[in-house]
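The numbering used here puts the first residue of the sequence shown at 84, with every later residue one more than the last.
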Amino acid sequence: VLNKRKIDELITTYAQGWDMDRLPAVDRNILRLGIYEIVWSSDLDDGVAIDEAIKLAKDLSTDDSASYIHGVLGKISMIKESISL
84 VLNKRKIDEL
94 ITTYAQGWDM
104 DRLPAVDRNI
114 LRLGIYEIVW
124 SSDLDDGVAI
134 DEAIKLAKDL
144 STDDSASYIH
154 GVLGKISMIK
164 ESISL
């Protein structure tokens with residue numbers, strides 16, 4: 084919750100073609116969790132965070148959502164060092 088505003092900014096920036104309001108709530112929250120783990124959690128490898136998010140999406144949403152979440156989190160992982168917190 085502490086970093087929710089920044090996380091939502093990242094989703095808005097990197098979830099190209101999707102408005103935050105148009106994303107299904109479950110996908111939006113999986114992205115929030117994944118971004119938090121990638122950017123702020125040093126205890127977890129980025130690949131593990133992404134894999135967990137994909138699994139959640141497959142279990143709770145759709146295969147299309149899993150692919151989309153994978154793409155967004157992959158972008159975040161690649162640029163995380165340049166993100167100003």
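Backbone N, C-alpha and C define an ideal beta-carbon position, used for all residues, glycine too.
Take residue i and list the residues in its own chain whose beta-carbon comes closer than 6 Å to its own, dropping the five residues that flank it on each side.
i: Val109; result: Leu143 and Ser144
i: Ala149; result: Ile137, Ala140 and Lys141
Taking the alpha-carbon of residue i as reference, which of the options has the nearest alpha-carbon?
i: Glu169; options: Glu135, Arg111 and Pro107; result: Not covered by the structure: residue 169. The range shown for the chain is 84 to 168.
i: Arg88; options: Trp101, Ile133 and Leu116; result: Leu116
i: Ala98; options: Ile159, Leu127 and Ile133; result: Ile159
i: Ile113; options: Leu156, Asp126 and Asp104; result: Leu156
Can you list, in chain order, the residues of its chain with a C-beta nearer than 7 Å to that of residue i? Leave out the 5 residues immediately preceding and following it.
i: Asn86; result: Tyr119 and Trp123
Quick one: measure Cβ to Cβ for residue i and residue j, integer angstroms, because I've assumed they're closer than 8 Å.
i: His153; j: Ile166; result: Going by Cβ atoms, the distance from His153 to Ile166 rounds to 19 Å, so no, they are not a contact pair.
Looking only at its own chain, which residues have a Cβ that is under 8 Å from the Cβ of residue i, when we skip the five neighbours before and after it?
i: Met103; result: Asp91, Ile94, Thr95 and Arg111
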